[in-house]
Structures are given as structure tokens and as C-alpha cells.
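*Asks:* Below is the structure I would like to discuss, written out as C-alpha cells.
Residue numbers (the working numbering), protein chains in the order written: chain D, 1 to 502; chain A, 1001 to 1502.
Below, the structure written as C-alpha cells:
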């Protein structure tokens, strides 16, 4: 006897509820592992994740799931738009995940759990050889993964598409070429003629307890509802969201550099705002949550740079810093703080790079990943290749692998093909800003200390939509135009020419 | 075709691995909820726990599980002792859990998740009416539960047996009668004739950052391996262990009272030590972990009181306190600190009660639970009944429900019948101390600052055994004698007569 559409959607809801339960538990366990779990607990966690990924694999690719989705696909006209999109997304996952052999899928989850623990230790001890065998396995798996998912594509193209649907090396190459052409001369000009501001924080200590209070202030300042968002502390800051009612960001405090955690909190806060504002109607569906890494990074980097490093935000921040750090901030003017937040100077660490040189960090990772995936670079040669690129693009010598190839958590987390989305996101953000300015005085809104109009604009055009459309569609709906990277280069050239009086 | 014993034990291992994965995830989610999860995440967590408890229920009571256990029960002679015990424990669970209707089981897990969030808020706001409807439901469920599990028993006897197998109201009544008869006169004597020491901490602040460092020192001092044990902060301290490689304790810091967290850390540290020292051979079995609440509390209260409040421990603690709190500890002598740690004075909060009056707190909870379960006390009348008992046993007026009926997390966590194990555990500990003293100079070991001989003794006699035997068997193997509460009363009378020169 054939099932009614209502019965089928009932089964779909129950399937999605199960999927979300495992995803939720895994998100919490990941956050716990990165923040407070005892170091020796990694092996146990691996066993649990192995059990769960087997179940998850079964839910995604099982015969029952296939039958249910097929039946629903035959009645798409009867489904509401949200359910229709869910079915199409789940079907995509079903077809794709089925191509990955289950044993390999489970083994990879266990490997990543181990790799994360090994990377944490290797980074602390600047011990590349400890991490190298894991990187070997991660690269090998990703090449196989690309072959399973899209054998017709070049491996790296298949991976880029994983993080930003539709992204290719061709698009990346063109995008980075624009950045290289327009930004490298500007960076060179600053190095040659720009006068760097004094280091206003040199020799001063900013106690962690006070920096924690600053984080609370920052989260409130950008409009985060703490009822649904927590903050933790990790080596590498990240945002984890299992639903709009449970989002966590993390940061890392450096006693001698308050700006590091400050902009990290605003960056992760941007990710959090996106997750927190998905429409209520998408809650409990597979569409709840940001649509892609590129759109996600467009939000985080918008808040970190366009909002966080703006005149108006700096002006409102200053009294708070003075209250929390009266001795350290004595004599520091608004102009001093604005310049300190907007220094453009090549540096070693991506997450602490300035807005202008940031994309060079991304570009070098993109080029290395491309080579790793086409086989022209061996994992064993990665540290040397890294250091050479840093010398080439940033003019710096890398003193140790902790400040070099081991600095990011992406590769140990299995993510190859993620990095380009950071630069892409920054560029998306600049184009969105231009659009936003057509309907409001963004500077005045930021200066007012109440970001509501900005939050509303982003909620309506991006956040509320969750994963209801493809990333490119969402971007174009918001920007009312195709993507154009020159908004980004124009923005940077305008801002930094003024800052350095060029 | 019949399966071989090897095949059957292979299936058993796979079943247990699955059970442990869910238990592990739930433990982490519980810890996360109590420490860092955003407050608004409770509802999502409830949904996930509902999915998981349905799976768990299926694993415990499913047809396949029943068949597997039955087949293994037919070949007990072929099984090694660990597997044999596992099968018998799982069979017990299978038969018992099957008696609980699945919908009720799942609904109760969801209720407890909600109740926990409501209780946290109700306690902070001293708002009994907010919690009362949850307590109603919890009491109602526990009465039903008792009926399902052991319809032949009185409901409260069925629940006592849940937390300490073999415990009954008859045994509790006899035990508490001994305590009442011997301790109440001593408490009265101290109130009438004992000279109370000065409050050495009055008006002083002990910053949380420094107290956190003290916690690290304490955990090291009692021999906790931080590789496998983390510490968090919660309203109500607890210990959570999912295996000997992943144990977490929590504490609560009060700026004006360093002893509260200090002894809390040593108490939870005792629980942690037990979990951390289960034999390697029991890892990944259902027998890994403490055997019962009574034995567990015997370890935590042994460390808190017998070790932590001893002369030798106080002597070693003093230099550390002086280093962390130089101004606050100026002029405080070893004798001052020893007396401060061992004041006997009726107070309102169980977890902060002194060693002598502590069991009166437990006794009053036991009596109230007994009445709740036999129906002679209505939930609505619980706060008044609580306050009357506090007046009767401790001579104190309860100013608000936060310091009264809402103070503990046990009821909101669904645990009715747990409390007696605290007093029982304290008494077990005193008898174990007497036995330990036959083979070593415990005071000298504690004074040496290296507890290894004590840890080894407890590992051999209790900790390593996990749940390999029933609690009473483990206790009698360790003490080489049946339980006798007069060891406890003699210990307290000796200690407090000396302290108060009676």
C-alpha cells in the first residue's frame, strides 16, 4: 500500500531528527575536546565517533533513506518549498556519500579525531615530523574522496566544490590574479613609503581575566544573544553551531596582545550571528545553518574588519578598554587605537594578519593545496614549500613550523579546499557593504553603537535563509549583482591609501 | 546454525561498544550542559537525548540483545569471569529495563533535561513554585518506576536498591538510629560547652583566579593524573566519568570562602581517583566504573574528610595557601587552619556542612524521601517539611528555599534514594581507615605529602575492581569484615572530643 505524502514527510521529519541528534552530539563533543576534555580522552572519543559515524553513514545512505527520498522526489509539487529543498539536499548527500565506502568513511573520522590531538601537541612543540604521517593520510584520503565524489573533475576542483558549491580552480585563479595585481603594489608602496604607527601595547600586560570581560562586552556590542551563544578558550579560535539555539565561539587570549582575541571574538561573533539568525521555520530541518564556508567567512570577516576595525567601532571601544585596562591605556588616543587596529605589515600568522596582507596568506595556502592535490608537491616537502612562499609573498623568514605550516587547524581537521573561502568571503563582504550603503549610512549606524539596522539587513538578505538556496544564489540575491572582486580591492585601496597617506 | 562462543562474545563486545558510545556522548553533553552550554540550548539537548534514549532503550531491551544474552547465559562456564559478570549485569538490566515502557523512559529523560535547567534557575532565584511541578512529575515517575522494577517491595525500598544494591529502609533506619543515638549528644555538647574558633577568613577576599590554581595543586596533591581528568565550574559540584581515560570534576568558587571549593575539589577528587584506577582489563566493559553510590561516596568522603581535613594534609596545604594568598593568610597558623577546616557547627548547606553534623543533613533528606514515596508527604508541602526538619535537627531557621529544599541537584536529576549513600559512604570510609591502619601509618603517609601507599591500598582493594562484584562484597573484601557503623561514630567522637576538649 502506497504511503501518503503526509506519512512520507512524517518519516522524513523523524529521519532528520535522528540525523540532527548525532550531529548535535558530535558538535558538543568536538567543542568539549577542543576546550576542556582531558588530553588522554582522545582514544575513547575516537571509539564513540566510530560508532556514531557508522550510524550516521547508515542514516544518510541506507536503503530506507533511499526509498523514502525517491518516493518524496516523485511528489515534489506537493511539498512546501522548505521540504522540497531538504529532499533535494538529502538526495544529493545520499548519492554522494554512498560513493564513499563505509569503512573508509568511519576510519577517516577516527583518523581526524586522532590527528586533531596530535596536531595540538605538534603545534605546541613545533614538531612537524609528529604531524607529517597524519597529513600524509589526510591528503591521501582527500585525493581518494575527490575521485569518489567527482571522478570527472580534477581532484582539487572536487574539493573546492565541497566548501563552496560551484567554486573551481579556474575561478580561484582569476580571483587571486585580481588581488595579486591590485594589492601587491599597494603592500609594496606601504613597505617603502608608509609610516608605521608606534606600537602602543609594547611591554604592557593585559590580564586574561580582564580580556574575558572585554569578550563579553564585544559580544554584546555586536548584538549576540548570550542566551543561545557561549564562549570558550582554545588554541585556535572557531565557531560551532548545532542550531540557532546553541552556538559557541572560542578565542585565545595573549597577555601581551589584546587585539588578537578582540578581533578574533568579533570574527567568530560574525559566524555566530549568522547561525543565530536562521529563520525559525528552518529550525529542525537540514537547512538550518550557514549555506557555505564562503558566505560564512563573508559574515565573520565583515564583522571583524568592516565593522570591528572601523572608526566608529573603535570610538565606542575605547572607553571600554580604558575602564578595563586603565594603566595600560593611559595616553592612548582614538587615533592611536584606530591605527593600531589597522596596521598593514606582513606577518607570519594568518589569523592575526592585517586586513590588507591577509589574502596573501590565503593565496599561499591555496597554491600549496593545489600542488598537494595534483601531486606536484609531496607532504614531506610541505614545510619548505610553505617557508619559501612566505618569503616570496610576505618577505619573511619562518622561524619554526609552529609559526609556519603547523599554525592552522584546517588540515588536521581534514579540510583541504576550505582556505579560498576566507579570501572569497572577504571580497563578498566588501561588495555587500557597497550594497548596504545604498540604503543606510553604515558608518553612522556603527558609530551609534546600535547595530540593529545592519543586523536586520543581513538577517533579511542572508542569515534568515540558512541553506535554502545555493551560496551563489544567496549572494546574488543579497548583492543584487554577480560577484565582482574589484569592490574588495577598491575598498582596501581606498582604506589603506588614506591610512598611509599614499 | 548455532553460533560459537567466540562469535557470541564478539557480538557482545560490539553491543557493549555501542552502549558505551551513547553513554559517553550523554556524559559529555551533561557536563557541557552544566558548565558552558548556553542556557537556551536545553530544548535542543532534550530532542537529542530523546533520540539517544530511544536507541539506548533498544540496545538494552531489544530482541537481539535478549537472544544474545540468553545464548551466553547457557554457556557461562565457557566465559572468563569478566565476561560472565558482564552478561549477568546486562541480563539484570535487560529484565529490569524491559519493565519500563519505552515512551515513559524516553519522556523521563526529556523531563530530567528540562528539570535540570528549571532547577538551576529556580535555585538562583529561590523560586520553589517554578520547580514544584517538575518535582511532582519526578516523584510520580519514581513511584511508578519502583512499581515496575520491584512491585513486591515498598516503593522506597525499590529505589534505595537502585543506588546501593541490597539497601533497604530497615537497614537505613538501623544505621541512622546509631548515628542519632551517638552523634546528637556530642553535637549538643559542643553547642553547649565547646569553644568555637575565630573565623580566620572573615572579611577577606580570595580571588577566583588564585583559587583555580589551588584546585590544580589539590588535584596533584591527592595524586590525580590530569592527562585523564579535567576540572570545570558549576553551581553544584559533581564528578562525571565515562572511562578511566576521561573523568571530569567540577567545583564552585566563593570569593569569601576558600574552604568551600577546597574541600569540594578533594571530595570530587576522591570520586575521580576511583574511576581513574579501574583495572585496565575492565576498560571497554560494562564493569568499568564505580560499583555503587555508597562505595563511591566512601571514597570521596574519605578524601575530603579523613585525608583532607587531617593534621598532616593541613600542614602541607598551609605553605601553598600562603603562597597563593599571602595577604589573606598573614598570621594564620597551622592550628588556626586545622580548626577552621574542622569546625563543627550546624549550618544550612549540606555540601558545606562539617564532618560531624553532615549526617543530620542526609538523615533529614532520607526521612523526607521516605515520606514522599509512601505518600505521607505531598510535594507541595515539601519546603515546609524541610524547614521543620532543619529546625528540629540543626536548630536553624531556613531563610529561603535556595538554602533549603532547592539546594541539591539530586532531585532535579531524578535521583530519589541516592542521599543515604552519602552517610553510608562516610561510615564505610571510617571502617576502611581502621583496616588500612593495620598495615600502615596513615597519618605519617599523609604528612609525607606522597599518598602513594594509600592510593595503592585503595586501588588493590576497591578501585581496580570496578563493578566486578556487588558493593557489599567489595566492601567486605576490603574491610575483611561486615559493615559496622560504630567505626564511624567512634572516629567522629574521638576526633571531635579532642578538637573541642570534651
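No residue lacks a Cβ here, since even glycine has one placed at the ideal position from N, Cα and C.
Since this is a predicted model, take the numbers as computed values, not measurements.
#1: Taking 7 Å as the cut-off, does the CB of residue 1033 of chain A come closer than this to any heavy atom belonging to the ligand NAD?
#2: Indicate the three-state DSSP secondary structure (helix, strand or coil) for residue 230 of chain D in the structure shown.
#3: Tell me the rounded alpha-carbon separation between residue 502 of chain D and residue 340 of chain D.
#4: Using the C-alpha atoms, what's the distance from residue 295 of chain D back to residue 448 of chain D?
#5: Per DSSP, what are the beta-bridge partners of residue 1241 of chain A in this structure?
#6: How big is the Cα-Cα spacing for residue 1266 of chain A and residue 1304 of chain A?
#7: Return helix, strand or coil for residue 1256 of chain A, following the three-state DSSP convention.
#8: Could you tell me the boundaries of the alpha helix (DSSP H) in which residue 492 of chain D lies?
#9: Quick check on residue 1256 of chain A: buried or exposed, where buried means 16 or more other Cβ atoms within 10 Å of its Cβ?
#10: Chain D beta carbons: is any one of them nearer than 8 Å to that of residue 1278 of chain A?
#11: So residue 518 of chain D contacts chain A; which residues on that side make the cut at Cβ distance below 9 Å?
#12: Give a yes or no on whether the C-beta atoms belonging to residue 395 of chain D and residue 346 of chain D are separated by under 8 Å.
#13: I'd like the span of the alpha helix (DSSP H) that includes residue 197 of chain D, first residue to last.
#14: Looking at the secondary structure, which residues open and close the alpha helix (DSSP H) in which residue 314 of chain D lies?
#15: Around the C-beta of residue 485 of chain D, are 16 or more other C-beta atoms found within 10 angstroms, so that it is buried, or is it exposed?
#16: Hey, is residue 40 of chain D's beta-carbon within less than 8 Å of any beta-carbon in chain A?
#17: In chain order, what residues of the same chain lie with their CB nearer than 6 Å to the CB of residue 425 of chain D, ignoring the 5 residues before and after it?
#18: Using alpha carbons as the reference points, say which of D/244, D/292, D/311 and D/254 lies closest to residue 278 of chain D.
#19: Using a C-beta cutoff of 8 Å, does residue 1219 of chain A count as contacting chain D?
#20: Examine chain A for any beta-carbon lying closer than 8 Å to the beta-carbon of residue 494 of chain D, and answer yes or no.
#21: Among the residues of its own chain, which have a CB less than 8 Å from the CB of residue 1223 of chain A, if the five just before and after it don't count?
#22: Helix or strand or just coil, what does DSSP make of residue 119 of chain D?
#23: Is the Cβ-Cβ distance between residue 1138 of chain A and residue 1414 of chain A less than 8 Å?
#24: If you run the structure through DSSP and keep just helix, strand and coil, what is residue 383 of chain D?
#25: With 8 Å as the threshold, decide whether the Cβ of residue 181 of chain D is near any Cβ in chain A.
#26: Measuring only the C-alpha atoms, how far is residue 518 of chain D from residue 152 of chain D?
#27: Measuring CB to CB, does residue 489 of chain D end up less than 8 Å from residue 182 of chain D?
#28: Could you give the uninterrupted runs of the beta strand (DSSP E) lying entirely in the stretch 262–288 of chain D, keeping only those of 3 residues or more?
#29: What residues in the stretch 243–275 of chain D bring their beta carbon closer than 8 Å to a beta carbon of chain A?
#30: Just verifying my parser: in three-state terms, what is the DSSP assignment at residue 1342 of chain A?
#31: Alpha carbon to alpha carbon, how far is residue 1045 of chain A from residue 1427 of chain A? Give it in angstroms, no decimals.
#32: Quick check: what's the CA-CA separation for residue 225 of chain D versus residue 1040 of chain A?
#33: Determine the chain B residues that contact residue 1429 of chain A at a beta-carbon separation under 8 Å, and present them in chain order.
#34: Could you round the C-beta distance between residue 1230 of chain A and residue 47 of chain D to whole angstroms and report it? I think they count as a contact, below 8 Å.
#35: Given 8 Å as the limit, is there contact between the stretch 379–387 of chain D and the stretch 98–112 of chain D, that is, 3 or more CB pairs closer than that?
#36: Checking contacts by CB at 8 Å: is residue 1209 of chain A closer than that to chain D?
*Replies:* This is what the structure gives:
#1: Looking at this structure, you won't find the ligand NAD or any other ligand, since it has none at all.
#2: strand
#3: 18 Å
#4: Straight-line Cα distance between these residues: approximately 26 Å.
#5: DSSP, once it has assigned bridges, lists A/1247 as partnering residue 1241 of chain A.
#6: 5 Å
#7: Under the three-state reduction of DSSP output, residue 1256 of chain A falls in the coil class, being neither helix nor strand.
#8: 486–499
#9: exposed
#10: no
#11: No answer is possible for residue 518 of chain D: the residues shown for chain D start at 1 and end at 502.
#12: For the pair residue 395 of chain D and residue 346 of chain D, the CB atoms are nearer than the 8 Å cut-off.
#13: First-last for residue 197 of chain D: undefined, no H or E at that position.
#14: It spans 311–324 - the alpha helix (DSSP H) in which residue 314 of chain D sits, taken as one unbroken run.
#15: buried
#16: Yes, residue 40 of chain D counts as interfacial toward chain A.
#17: 294, 297, 298 and 301
#18: D/244
#19: no
#20: no
#21: 1273, 1451, 1452 and 1455
#22: Note: residue 119 of chain D maps to helix in three-state DSSP.
#23: yes
#24: Three-state result, residue 383 of chain D: helix.
#25: no
#26: For residue 518 of chain D there is no data in the structure shown, the boundaries of chain D being 1 and 502.
#27: yes
#28: Qualifying beta strand (DSSP E) stretches: none in this window.
#29: 243, 245, 246, 247 and 248
#30: Residue state, collapsed to three classes: coil.
#31: 38 Å
#32: 10 Å
#33: In the displayed structure, chain B is absent; the protein chains listed are D and A.
#34: With 8 Å as the limit, residue 1230 of chain A and residue 47 of chain D do not qualify as a contact, their Cβ atoms being about 18 Å apart.
#35: no
#36: Judged by the 8 Å Cβ criterion, residue 1209 of chain A is in contact with chain D.
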